[in-house]
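J.: Got a structure here, written out as structure tokens. Questions coming.
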Amino acid sequence: MLADARLVAGKDLRIERRARVATNQVAPFALLVLVLFAFALDPDRGILDRATAGLYWVAVLLSTVLAVQRAYALEAADGVPDALRLSGLDPAAVFLGKSAALGLQLLVLEALLLVGVTVLYTTELAGPALLAATCLAATVGLAAAGSLYGVLAAGLRVRETLLPLLLLPVVAPVLIGATRAFEAALAGAPGDGWPWCGLLAIFAAIYVAFGMLAFGPLMEEL
Amino acid sequence: MAPVVRLRGAVSLLGRFPALAGVDLDVEAGEVVLLRGPNGAGKTTLLRVCAGLLPVTSGTAEVLGVDLVGDRRSVRHRVGLVGHGGGLYDDLSVAENVAFWGRATGATEDDVNGALARLGLDGRLRDLAVTRLSAGQRRRTSIAAMVARRPELWLLDEPHASLDAQGRDLIDTLIRDSVAAGATVLLASHEDDRAVAVATRVVEVRGGTTTIAPVSPVAPVVEETPRAG
Numbered sequence: 004m005l006a007d008a009r010l011v012a013g014k015d016l017r018i019e020r021r022a023r024v025a026t027n028q029v030a031p032f033a034l035l036v037l038v039l040f041a042f043a044l045d046p047d048r049g050i051l052d053r054a055t056a057g058l059y060w061v062a063v064l065l066s067t068v069l070a071v072q073r074a075y076a077l078e079a080a081d082g083v084p085d086a087l088r089l090s091g092l093d094p095a096a097v098f099l100g101k102s103a104a105l106g107l108q109l110l111v112l113e114a115l116l117l118v119g120v121t122v123l124y125t126t127e128l129a130g131p132a133l134l135a136a137t138c139l140a141a142t143v144g145l146a147a148a149g150s151l152y153g154v155l156a157a158g159l160r161v162r163e164t165l166l167p168l169l170l171l172p173v174v175a176p177v178l179i180g181a182t183r184a185f186e187a188a189l190a191g192a193p194g195d196g197w198p199w200c201g202l203l204a205i206f207a208a209i210y211v212a213f214g215m216l217a218f219g220p221l222m223e224e225l
Numbered sequence: 010m011a012p013v014v015r016l017r018g019a020v021s022l023l024g025r026f027p028a029l030a031g032v033d034l035d036v037e038a039g040e041v042v043l044l045r046g047p048n049g050a051g052k053t054t055l056l057r058v059c060a061g062l063l064p065v066t067s068g069t070a071e072v073l074g075v076d077l078v079g080d081r082r083s084v085r086h087r088v089g090l091v092g093h094g095g096g097l098y099d100d101l102s103v104a105e106n107v108a109f110w111g112r113a114t115g116a117t118e119d120d121v122n123g124a125l126a127r128l129g130l131d132g133r134l135r136d137l138a139v140t141r142l143s144a145g146q147r148r149r150t151s152i153a154a155m156v157a158r159r160p161e162l163w164l165l166d167e168p169h170a171s172l173d174a175q176g177r178d179l180i181d182t183l184i185r186d187s188v189a190a191g192a193t194v195l196l197a198s199h200e201d202d203r204a205v206a207v208a209t210r211v212v213e214v215r216g217g218t219t220t221i222a223p224v225s226p227v228a229p230v231v232e233e234t235p236r237a238g
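Protein chains in written order, with our numbering: chain A, 4 to 225; chain B, 10 to 238.
Right, dumping it as structure tokens:
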């Protein structure tokens, strides 16, 4: 199964390297969201300081929707769903592979956004261990949930509009947990953030397990 | 020896519509069977049923010894289907596409290189992105991706479509070579004399999707005609 997952992840990352959708479209979009928040919330009033963690994760979530749409548009191309079903690839491995590729792209994006908040919001990145662990746990959850709802929506004609409606409510716990953990880290009180990070890890484990089970039947509808 | 394909009264519903309305068909190992009929006759549906992609809702269906009514997924990795859709990733090169689909079923690098060579894709086309290919070159890439998987049953839907004369010759040779190597071929075409020339038997398909009839009783839709010559 892991060999199949590596094959799928390698394929997705190779496609991204060629097409550069994440680097040329998703990442600039995410940075633009940060910039717009900075315009909307005057940095001088201190609102940005208090809202940095939430704004950061809202930007990540919105970018995740774009990345998921792109990842599953590839699999909905003409004849690819049939080829995928005939390939003999274990659906759970396809899920893991696509989630891994998506997760890697999100991690790079999150690192970029951390630079963004440092520069645009003049945020000092305290509690780096908690920040890193939170990013990792939240990314696994987002990638797994994104893959699950990505394949669900990919078979539908209205996937572009339906995916955000399906995905965003489901990943709301990630937004809440990751924001709380980030707030604690940035406030210099990482001890308050680790329980939230643990919650994110549980959420991620549930979505990975659920995705491995549910991906096969959903792939039939692709 | 059991037939590679054995369908008896096979019905496949698309929603409530009988896309196949009771097909009887036997295909023996080593045969090249041409499914011929007008557009909408049900040829593509029949190929997709044999690939385990569409359910058989009544009747019996066995492909490569697998009961499609019970577990159609088990047969999928043993068949190769080239349909109307290319099944290719536009941003990957020809070789990367063939390698990806080949390796998914355990093909070696030699299998992949061999498939590329047999389809005439081992030259400058090898590293070209699929998005830059002509329709005929895309078709050859799709077929190469199937060949690399070394399937036991080839299901080809309009395999000569979009190909020039040289490409058509290539496909005919490929089909004959595959049969000599032990594969069985079921191909669909609605007009091509060339397809008749490569076939060992011709089966007319009529009314598979145009028959407006209740699911039961079902009308026979497959009629065999002996091939001249």
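Note that beta-carbon positions come from the ideal geometry of N, C-alpha and C, so glycine has one too. Treat the numbers as computed from the prediction; the structure is a model and nothing was measured.
In whole angstroms, what separates the C-alpha of Ala-175/A from that of Ser-66/A?
T.: Along the first sequence, read from residue 1 onward, the residue named residue 175/A stands at position 172. Along the first sequence, read from residue 1 onward, the residue named residue 66/A stands at position 63. For Ala-175/A and Ser-66/A, the distance between alpha carbons rounds to 14 Å.
J.: So the beta strand (DSSP E) Thr-69/B belongs to, where does it begin and stop?
T.: Along the second sequence, read from residue 1 onward, the residue named residue 69/B stands at position 60. Element bounds for Thr-69/B: 67-72.
J.: Under a Cβ-count criterion, where at least 16 other Cβ atoms within 10 Å of its own Cβ denotes burial, should Val-11/A be classed as buried or exposed?
T.: The count along the first sequence starts at 1 and reaches residue 11/A at position 8. Val-11/A should be labelled buried.
J.: If you reduce the DSSP assignment to three classes, tell me which class Ser-21/B lands in.
T.: Along the second sequence, read from residue 1 onward, the residue named residue 21/B stands at position 12. Ser-21/B falls in the strand class under three-state DSSP.
J.: Helix, strand or coil: which one does DSSP assign to Pro-160/B?
T.: Residue mapping note: residue 160/B aligns to position 151 of the second sequence, counting from 1. Of the three classes helix, strand and coil, the one that applies to Pro-160/B here is coil, per DSSP.
J.: Straight-line CA distance for Gly-49/B to Arg-148/B?
T.: Locating residue 49/B in the second sequence gives position 40, where the first residue counts as 1. Locating residue 148/B in the second sequence gives position 139, where the first residue counts as 1. If you take the alpha carbons of Gly-49/B and Arg-148/B, they lie about 22 Å apart.
J.: Look up Val-161/A in the DSSP assignment and say whether it is helix, strand or coil.
T.: The residue given as residue 161/A occupies position 158 in the first sequence. DSSP places Val-161/A in coil when its eight states are reduced to three.
J.: Whole angstroms are fine: how far does the CA of Ser-150/A sit from the CA of Gly-130/A?
T.: On the first sequence, residue 130/A is found 127 positions in, with the first residue counted as 1. On the first sequence, residue 150/A is found 147 positions in, with the first residue counted as 1. Distance between the alpha carbons of Gly-130/A and Ser-150/A: 30 Å.
J.: Are the CB atoms of Leu-44/A and Leu-51/A within a distance shorter than 8 Å?
T.: Residue numbering aside, residue 51/A sits at position 48 when the first sequence is read from its first letter. Residue numbering aside, residue 44/A sits at position 41 when the first sequence is read from its first letter. Their beta carbons are under 8 Å apart, which means Leu-51/A touches Leu-44/A by this criterion.
J.: Cutting at 6 Å between CB atoms, please list the residues of its own chain near Glu-223/A, excluding the five before and the five after it.
T.: On the first sequence, position 220 is the one that residue 223/A refers to. Closer than 6 Å at the Cβ level, and outside the excluded window around Glu-223/A, lies no residue.
J.: For Ile-205/A, count neighbouring Cβ atoms within 10 angstroms of its own Cβ and tell me buried if that reaches 16, exposed if not.
T.: One-based indexing of the first sequence puts residue 205/A at position 202. Exposed, by the Cβ-count rule.
J.: Going by alpha carbons, who is nearest to Ala-6/A out of Ala-70/A, Gly-91/A, Tyr-75/A, Val-63/A?
T.: As a first step, residue 6/A must be located in the first sequence, where it is residue number 3. It is Gly-91/A whose Cα lies nearest to the Cα of Ala-6/A.
J.: Give the residues from the region 45-72 of chain B that approach chain A closer than 9 Å (Cβ to any Cβ), ordered along the chain.
T.: Answer in chain order: Arg-57, Ala-60, Gly-61, Leu-62.
J.: Output needed for Leu-172/B: all residues of its chain with C-beta closer than 7 Å, excluding positions within five of it in sequence on either side, in chain order.
T.: Start at 1 with the first residue of the second sequence, and residue 172/B comes out as number 163. Counting only Cβ-Cβ distances below 7 Å, and skipping sequence neighbours, we find Gly-145, Arg-148, Ile-180.
J.: So which residues of chain A does Asp-100/B contact, with C-beta pairs closer than 7 Å?
T.: For the purposes of this step, residue 100/B is identified with residue 91 of the second sequence, where counting begins at 1. Residues of chain A passing the Cβ test: Ile-18, Arg-21, Ala-22.
J.: Sorted by chain position, which residues of the same chain lie with C-beta nearer than 6 Å to Val-75/B's C-beta, five sequence neighbours on each side aside?
T.: One-based indexing of the second sequence puts residue 75/B at position 66. Ser-83, Val-84.
J.: Hey, would you say Gly-144/A sits closer than 8 Å to Ala-207/A, going by beta carbons?
T.: Position 141 of the first sequence, counting from 1, holds the residue named residue 144/A. Position 204 of the first sequence, counting from 1, holds the residue named residue 207/A. It is a contact, given that the beta carbons lie within the stated cut-off.
J.: So is Ala-190/B in contact with chain A if we call contact Cβ pairs under 8 Å?
T.: Here the question's residue 190/B lines up with position 181 in the second sequence. Not one chain A Cβ lies under 8 Å of Ala-190/B.
J.: Pairs of beta-carbons, one from the region 163-177 of chain A and one from the region 110-125 of chain A, closer than 8 Å: are there three or more?
T.: Touching, no.
J.: Leaving out five residues on either side along the sequence, give the residues of the same chain with a beta carbon under 6 Å from the beta carbon of Leu-99/A.
T.: The residue given as residue 99/A occupies position 96 in the first sequence. Hits under 6 Å: Ala-8.
J.: Out of Val-13/B, Ala-124/B, Ala-28/B, which has the shortest C-alpha to C-alpha gap to Val-214/B?
T.: As a position in the second sequence, residue 214/B is number 205, starting the count at 1. Here the closest residue by C-alpha is Ala-28/B.
J.: Listing by chain order, which chain A residues have their CB less than 7 Å from the CB of Val-14/B?
T.: Reading the second sequence from its first residue, position 5 is the one you call residue 14/B. Those do not exist, as Val-14/B stays about 16 Å from chain A at its closest Cβ, beyond 7 Å.
J.: Looking at Ala-212/A: is its Cβ nearer than 8 Å to the Cβ of Gly-196/A?
T.: Taking the first residue of the first sequence as 1, we reach residue 212/A at position 209. Taking the first residue of the first sequence as 1, we reach residue 196/A at position 193. Going by C-beta atoms, Ala-212/A is not nearer than 8 Å to Gly-196/A.
J.: Run through the region 66-133 of chain A for me and flag every whole alpha helix (DSSP H) of 4 or more residues, listed as ranges in chain order.
T.: The region 66-133 of chain A contains these whole alpha helix (DSSP H) runs: 83-89, 94-123.
J.: Just to check my reading of the structure: Leu-117/A and Leu-128/A have Cβ atoms closer than 8 Å, yes? What is that Cβ distance to the nearest angstrom?
T.: Reading the first sequence from its first residue, position 114 is the one you call residue 117/A. Reading the first sequence from its first residue, position 125 is the one you call residue 128/A. Leu-117/A to Leu-128/A, Cβ: 6 Å. Contact.
J.: Going straight from the alpha carbon of Ser-67/B to that of Gly-18/B, what length do you get?
T.: To locate residue 67/B, count along the second sequence from 1; it is residue 58. To locate residue 18/B, count along the second sequence from 1; it is residue 9. Ser-67/B and Gly-18/B: Cα-Cα distance of roughly 7 Å.
J.: To the nearest whole angstrom, what separates the beta carbons of Leu-128/B and Ala-153/B, a pair I think is in contact under 8 Å?
T.: One-based indexing of the second sequence puts residue 128/B at position 119. One-based indexing of the second sequence puts residue 153/B at position 144. So it is a contact: roughly 4 Å between Cβ atoms.
J.: Check Ser-143/B in the structure and name its three-state DSSP category.
T.: Numbered from 1 along the second sequence, position 134 holds the residue referred to as residue 143/B. Ser-143/B falls in the coil class under three-state DSSP.
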